[in-house]
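Reviewing the structure listed below.
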Amino acid sequence: MRRRHHFHTDHAGHSVSVTVQTGHTAVVEVLVDGKETGYATTGGDRPVNVRVELPTDPPTAVTVRATPGPGVPRCVLEVEGAEGQVMPPRPY
Numbered sequence: 050m051r052r053r054h055h056f057h058t059d060h061a062g063h064s065v066s067v068t069v070q071t072g073h074t075a076v077v078e079v080l081v082d083g084k085e086t087g088y089a090t091t092g093g094d095r096p097v098n099v100r101v102e103l104p105t106d107p108p109t110a111v112t113v114r115a116t117p118g119p120g121v122p123r124c125v126l127e128v129e130g131a132e133g134q135v136m137p138p139r140p141y
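What follows is the structure in structure tokens.
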């Protein structure tokens with residue numbers, strides 16, 4: 050059965066939202082300031098990295114590491130030179 054899990058955080062004044070749809074093939078969508086900027090799929094519970102840019106001047110490259118399972122999915126926002134920021138789940 051497929052389920053959708055939502056995560057959100059703010060970084061450098063920008064909104065970063067992630068939706069992880071679990072199932073046989075997991076789907077990860079990344080939105081920055083409400084616009085889809087990254088998309089990836091992975092088989093089963095394997096982690097996947099989605100690289101996106103924040104619209105700063107100059108643009109900031111970040112990576113969202115999504116782990117669909119086992120259990121409840123998890124997402125971490127990784128920025129070069131900083132510790133990974135765990136993205137809290139967002140109910141809706």
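Numbered as in this note's numbering, the sequence shown ends at 141 without a single skipped number.
In this text, a Cβ means the ideal position worked out from N, Cα and C, and glycines have one as well.
Practice task
Please classify residue 87: does DSSP put it in a helix, a strand, or coil?
Solution key: strand
Problem - Start-to-end residues for the beta strand (DSSP E) that takes in residue 111 - result: 109 to 116
Exercise for the section: Pull up the CB-CB distance for residue 119 and residue 71, whole angstroms please, since I reckon it's below 8 Å. Expected result: Wrong, their Cβ atoms sit about 10 Å apart, outside the cutoff.
Practice task
Report the rounded CA-to-CA distance for residue 58 versus residue 133, giving the unit in angstroms.
Solution key: 12 Å
Handout entry: Environment of residue 107 [buried if 16+ CB atoms lie within 10 Å]
Key = exposed
Problem - Reduced DSSP secondary structure (H/G/I, E/B, other) of residue 92 - result: strand
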